[in-house]
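J.:
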Amino acid sequence: MLWLLFFLMTAIHAELCQPGAANAFKVRLSIRTALGNKAYAWDTSEEYLFKAMVAFSMRKVPNREATEISHVLLCNVTQRVSFWFVVTDPSKNHTLPAVEVQTAIRMNKNRINGAFFLNDQTLEFLKIPSTLAPPMDPSVPIWIIIFGVIFCIVIVAITLLILSGIWQRRRKNKEPSEVDDAEDKCENMNTIENGIPCDPLDMKGGHINDAFMTEDERLTPL
Amino acid sequence: MEKTRPLWSNPLQFVFACISYAVGLGNVWRFPYLCQMYGGGSFLVPYIIMLIVEGMPLLYLELAVGQRMRQGSIGAWRTISPYLSGVGIASVVVSFFLSMYYNVINAWAFWYLFHSFQDPLPWSVCPLNGNHTGYDEECEKASSTQYFWYRKTLNISPSLQENGGVQWEPALCLLLAWLVVYLCILRGTESTGKVVYFTASLPYCVLIIYLIRGLTLHGATNGLMYMFTPKMEQLANPKAWVNAATQIFFSLGLGFGSLIAFASYNEPSNNCQKHAIIVSLINSFTSIFASIVTFSIYGFKATFNYENCLKKVSLLLTNTFDLEDGFLTASNLEQVKGYLASAYPSKYSEVFPHIKNCSLESELDTAVQGTGLAFIVYTEAIKNMEVSQLWSVLYFFMLLMLGIGSMLGNTAAILTPLTDSKIISSHLPKEAISVETGFHHVGQAGLELLTSGLVCLVNCAIGMVFTMEAGNYWFDIFNDYAATLSLLLIVLVETIAVCYVYGLRRFESDLKAMTGRAVSWYWKVMWAGVSPLLIVSLFVFYLSDYILTGTLKYQAWDASQGQLVTKDYPAYALAVIGLLVASSTMCIPLVALGTFVLHHLKRGDAAPVA
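Residue numbers (our numbering), protein chains in the order written: chain R, 4 to 225; chain A, -1 to 608.
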């Protein structure tokens, strides 16, 4: 009698979980791609963990808090590693609607990924699109901050250069008048003392060489 | 009384200024493309021949003219012959067009530079679509780097006719670029002389760093071997020679008047022959150096894409046939494909159309030049490097240095003739100078400040056209047509003017008196014979090329397909192209004619008096 029941159960199980069955989802894992040398082997314990995670996800859905691990059925496990799974209701006669399973998995995808050390690319639920994490969007884009800094530096530099140019010209304005005063005194004194006319020294009629004028530091104020 | 001309503080500043001007973006993004297209290593043969036959003589000629005449382009050519001041005016017009659109490249470099301080780099990931289930459609069809360039940077419209409005982000960057240029030129040679130390040397530092990084990248040797393997049959292709000549010509920046302007600030005894040889050699060496870096980056990118392609094919087969994960590798892929084709023929034939044929050669063959190379291909390679933010910052900083160095030359070409003519026009009487010497200097310097500010402002305002949605198409128009034909004509007239109008013997004795060194026969032969012939043949080639191609076409970005499509220029764009070429080339005959007429009128007036 018990054997009969057992066969009946496996028969029903086989019916409920089949590739392409209603409310069944195909799962694909790429463990070696994700972990390389640290890849673990896929065995029945890992399958048990998977069933536990799916049951956990279903428990988060309202009205499905009574989902047990035994309600999750796996079948057609291949070497890839890929398999199909369905979630049945407590009576184990019907499978839960695909929409509910989909919502549950989507909400808890991160937890499921974490349990297996995988990510959205290496643990795929076909037909369940994963919600991609939106990129970080700071309130002020970073580039504007850097632009503002460089812009201010350039404006300040331009202003400084223009102002320092004006100050330099003003200093040059003052110097020739001082030089002329001293030369006048020299002129008067020399004509009186030595009788040597200072006319050749008169700077007013001479040529001014700009190559020397620009180098203020060398000119010592008289 | 003549105001003494400002001079470079030492000859090194002059050399650095010329290098900074000549070594520009073309060395980085045009030469590697030409090298790849026309036979790899064997392209160096026509390149070096053209350098010796065309580049060095013409460069020496321009520097000698500037140093001898000690004036900007307009004054220099007026001194050679009053009928030829149109050459100088044409140079200024071409420089004006160039500075209008060239600074937009610096604006883009600033944009990318500011965006390099993010993790991850914004051009390495596609943005998400509306409901966060996948990536943006345009980005999926193209690639993330192309999307960032065409959508985020340019926000390009599907065709030239759809103008769109001015985009504020590139407009801000353009404003900043012009402010930086103004900062570098506002004190004249004093400030320019110091800035060129940086703009000339820093790009080499970055290139060396990139060379070391590039050569150590995985797959770099693939690129280097593929590109540099000489394809000797290309030597027989006339296009290779024409392109080598064109590249040398434009890379040195001849005909814009910048070299004349720089040389006019030299001491008359400066050995400009030595400097001409040094500058042209350094320019060509930099091109070759930059292409080594570029090819190693190409190799890295091609190998990366090839391996990605193989991974995708392996994944497809693994998923379809439920093979064990990690079973398929690059080495056994072909074997397994054969086995699967025989074992599961129906399933295999289903999946076969989706299997791409991955080929390293086809990845390496994608030859790109211009802004596409700089902003798409390079960024694609950078995003796959470790510490990509650092490499990105370094790269765009180098692009900025190169671009600003060239802009300094361009603005010098416009400002030097303008301020020269103002010196002549504002020649104050002696008494006013002697009493108010200091005031005269303030007036002169203030005028220069205002002129450079005005030039920058006008160029910035017009440059806003290139920040519109269709701006990149107008940029391509300016880039392709504003300077090409006109420069050939200008340099041709320059050479003929110096050799035959001014007189080669007279010029030679001028140079000997000025520098104390005789001019060797080689230069004389080149100036009088070979170089003009070369330029004429280039000119004829280009004209025939334009005429034969018929209607001009351009590449437009199609957002729905995620790739470039070819379209015809509308009538008004063709009119603008015609105007660009005509406005500079017509200056020469028109001014000659005008001077001739004026001369006749004056002689007519003078005759009855005499």
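Backbone N, C-alpha and C fix where the C-beta goes; we use that ideal spot for every residue, glycine too.
All figures in this text were calculated on a predicted structure; none of them were measured in a lab.
Can you tell me the Cα-Cα spacing of residue 422 of chain A and residue 568 of chain A, whole angstroms?
T.: The residue labelled residue 422 of chain A in the question sits at position 424 within the second sequence. The residue labelled residue 568 of chain A in the question sits at position 570 within the second sequence. In this prediction, residue 422 of chain A scores a pLDDT of 49, lower than 50, which makes its location untrustworthy; the coordinate-derived value is nonetheless stated afterwards. Between residue 422 of chain A and residue 568 of chain A, the C-alpha separation is close to 45 Å.
J.: I believe residue 62 of chain R touches residue 317 of chain A by the beta-carbon criterion, under 8 Å. Please report the beta-carbon distance rounded to the nearest angstrom.
T.: Residue numbering aside, residue 62 of chain R sits at position 59 when the first sequence is read from its first letter. Residue numbering aside, residue 317 of chain A sits at position 319 when the second sequence is read from its first letter. The Cβ separation is near 31 Å, so there is no contact.
J.: At least one CB of chain R closer than 7 Å to the CB of residue 324 of chain A: is that the case?
T.: Reading the second sequence from its first residue, position 326 is the one you call residue 324 of chain A. Residue 324 of chain A counts as touching chain R.
J.: Could you have a look at residue 127 of chain R and say whether DSSP puts it in helix, strand or coil?
T.: The count along the first sequence starts at 1 and reaches residue 127 of chain R at position 124. If DSSP states are grouped into helix, strand and coil, residue 127 of chain R belongs with the strands.
J.: Looking at the unbroken alpha helix (DSSP H) that takes in residue 337 of chain A, where does it start and where does it end?
T.: Position 339 of the second sequence holds residue 337 of chain A. Residue 337 of chain A -> alpha helix (DSSP H) spans 331 to 341.
J.: Around the Cβ of residue 602 of chain A, are there at least 16 other Cβ atoms within 10 angstroms (buried) or fewer (exposed)?
T.: Numbered from its first residue, the second sequence carries residue 602 of chain A at position 604. Per the 10 Å Cβ criterion, exposed.
J.: At what residues does the beta strand (DSSP E) containing residue 78 of chain R begin and finish?
T.: Counting from one through the first sequence, the residue named residue 78 of chain R turns up at place 75. Looking at the DSSP string, the run of the beta strand (DSSP E) that includes residue 78 of chain R is 75 to 78.
J.: Using a Cβ-Cβ cut-off of less than 9 Å, give me the residues of the region 146 to 159 of chain R that come near chain A, in sequence order.
T.: 146, 147, 148, 149, 150, 153, 154, 157 and 158
J.: With DSSP run on the structure shown, which of helix, strand or coil describes residue 29 of chain R?
T.: Mapped onto the first sequence, residue 29 of chain R falls at position 26. DSSP places residue 29 of chain R in strand when its eight states are reduced to three.
J.: With residue 37 of chain A and residue 228 of chain A assumed to form a contact (beta carbons below 8 Å), what rounded beta-carbon distance in angstroms separates them?
T.: Position 39 of the second sequence, counted from the start, is the residue given in the question as residue 37 of chain A. Position 230 of the second sequence, counted from the start, is the residue given in the question as residue 228 of chain A. Sure, about 6 Å apart at Cβ, within 8 Å.
J.: What are the boundary residues of the alpha helix (DSSP H) that residue 243 of chain A is part of?
T.: For the purposes of this step, residue 243 of chain A is taken as the residue at position 245 of the second sequence. Start and end: 236 to 249.
J.: By Cβ distance below 7 Å, which residues in the same chain neighbour residue 14 of chain A in space, the five residues on each side in sequence not counted?
T.: Start at 1 with the first residue of the second sequence, and residue 14 of chain A comes out as number 16. Cβ within range, chain order: 194, 195 and 198.
J.: Can you check which of these residues, A:94, A:299 and A:9, is closest to residue 579 of chain A by C-alpha distance?
T.: Here residue 579 of chain A is taken as the residue at index 581 of the second sequence, counted from 1. Here the closest residue by C-alpha is A:94.
J.: Cβ of residue 164 of chain R less than 7 Å from any chain A Cβ?
T.: On the first sequence, residue 164 of chain R is found 161 positions in, with the first residue counted as 1. Interface residue, yes.
J.: Buried or exposed, going by whether 16 or more other CB atoms sit within 10 Å of the CB of residue 332 of chain A?
T.: Your numbering for residue 332 of chain A matches position 334 in the second sequence. It counts as exposed.
J.: Within the region 301 to 379 of chain A, note down every full beta strand (DSSP E) run reaching 3 residues or more, in order along the chain.
T.: none
J.: Near residue 450 of chain A, which residues of its chain fall below 6 Å by C-beta distance, leaving aside the five closest residues on each side in sequence?
T.: Taking the first residue of the second sequence as position 1, residue 450 of chain A is located at position 452. The residues are 183, 184 and 413.
J.: Between which two residues does the alpha helix (DSSP H) harbouring residue 552 of chain A extend?
T.: Numbered from 1 along the second sequence, position 554 holds the residue referred to as residue 552 of chain A. Premise fails: residue 552 of chain A lies in the beta strand (DSSP E), 551 to 556, not in any alpha helix (DSSP H).
J.: For a contact defined as C-beta to C-beta under 7 Å, what are the partners of residue 85 of chain R on chain A?
T.: As a working mapping, residue 85 of chain R is identified with position 82 in the first sequence. Going along chain A in sequence order, the residues near residue 85 of chain R (Cβ under 7 Å) are 320.
J.: Cβ of residue 426 of chain A less than 7 Å from any chain R Cβ?
T.: Stepping through the second sequence from its first residue, residue 426 of chain A is reached at position 428. Confidence is the limiting factor: at residue 426 of chain A the pLDDT is only 39, short of 50, which leaves the residue's position unreliable, though a coordinate-based value still follows. For residue 426 of chain A, the answer is no, since every Cβ of chain R falls outside 7 Å of its Cβ.
J.: Within the same chain, show all residues whose beta-carbon is closer than 7 Å to that of residue 107 of chain R, passing over the 5 residues directly before and after it, in chain order.
T.: By 1-based counting over the first sequence, the position of residue 107 of chain R is 104. Within the same chain, and ignoring the five residues on either side of residue 107 of chain R in sequence, the residues whose Cβ sits closer than 7 Å to its Cβ are 60, 61, 63 and 64.
J.: Could you pull out every residue in the same chain whose Cβ sits closer than 7 Å to the Cβ of residue 357 of chain A, ignoring the five residues on either side in sequence?
T.: Sequence index remark: in the second sequence, residue 357 of chain A carries index 359 (1-based). Answer for residue 357 of chain A: no residue qualifies.
J.: Give the DSSP bridge partners of residue 91 of chain R, in chain order.
T.: If you number the first sequence from 1, residue 91 of chain R lands on position 88. Beta-bridge pairing links residue 91 of chain R to R:98.
J.: Please classify residue 115 of chain A: does DSSP put it in a helix, a strand, or coil?
T.: Within the second sequence, the letter at position 117 stands for residue 115 of chain A. In the structure shown, residue 115 of chain A sits in coil (DSSP, three-state: anything other than H, G, I, E or B).
J.: Applying a beta-carbon distance threshold of less than 7 Å, which residues of chain R neighbour residue 630 of chain A?
T.: Because chain A is modelled from -1 through 608, residue 630 of chain A falls outside the range shown and cannot be assessed.
J.: Label residue 45 of chain A either buried or exposed according to how many other C-beta atoms from any shown protein chain fall within 10 Å of its C-beta, with 16 as the threshold for buried.
T.: The residue labelled residue 45 of chain A in the question sits at position 47 within the second sequence. Per the 10 Å Cβ criterion, buried.
J.: Is residue 46 of chain R helix, strand or coil when you go by DSSP?
T.: Here residue 46 of chain R refers to the residue found at position 43 of the first sequence. Reduced to three states, the DSSP call for residue 46 of chain R is coil.
J.: Taking residue 385 of chain A as the reference, give the member of A:110, A:32 and A:117 with the closest Cα.
T.: Taking the second sequence and counting its residues from 1, one reaches residue 385 of chain A at position 387. Relative to the Cα of residue 385 of chain A, the nearest Cα in the group A:110, A:32 and A:117 belongs to A:117.
J.: For the beta strand (DSSP E) containing residue 565 of chain A, name the first residue and the last one.
T.: Translated into positions along the second sequence, residue 565 of chain A becomes position 567. Residues 561 to 566.
J.: How should residue 514 of chain A be labelled, buried or exposed, when 16 other C-beta atoms within 10 angstroms of its C-beta is the threshold for buried?
T.: For the purposes of this step, residue 514 of chain A is identified with residue 516 of the second sequence, where counting begins at 1. The residue is exposed, with fewer than 16 neighbouring Cβ atoms inside 10 Å.
J.: Is the shortest distance between the beta-carbon of residue 22 of chain R and the beta-carbons of chain A less than 7 Å?
T.: In the first sequence, the residue the question calls residue 22 of chain R occupies position 19. So no, residue 22 of chain R is outside the interface.
J.: Can the beta-carbon of residue 562 of chain A be found less than 7 Å from the beta-carbon of residue 555 of chain A?
T.: Position 564 of the second sequence holds residue 562 of chain A. Position 557 of the second sequence holds residue 555 of chain A. Going by C-beta atoms, residue 562 of chain A is nearer than 7 Å to residue 555 of chain A.
J.: Judging by CA-CA distance, which residue of A:341, A:483 and A:396 is the nearest neighbour of residue 535 of chain A?
T.: Position 537 of the second sequence holds residue 535 of chain A. Among A:341, A:483 and A:396, the Cα nearest to that of residue 535 of chain A belongs to A:483.
J.: Along the chain, where does the alpha helix (DSSP H) that runs through residue 222 of chain A open and close?
T.: Position 224 of the second sequence, counting from 1, holds the residue named residue 222 of chain A. That run of the alpha helix (DSSP H) goes 218 to 226.
J.: Compute the beta-carbon to beta-carbon distance between residue 96 of chain A and residue 470 of chain A, rounded to the nearest angstrom, for a pair I have assumed lies under 8 Å.
T.: Counting from one through the second sequence, the residue named residue 96 of chain A turns up at place 98. Counting from one through the second sequence, the residue named residue 470 of chain A turns up at place 472. Not a contact, Cβ separation roughly 17 Å.
J.: Identify whether residue 36 of chain A lies in helix, strand or coil by the three-state DSSP scheme.
T.: Walking along the second sequence from the start, residue 36 of chain A turns up at place 38. Looking at residue 36 of chain A - three-state DSSP - the assignment turns out to be coil, as it is neither helix nor strand.
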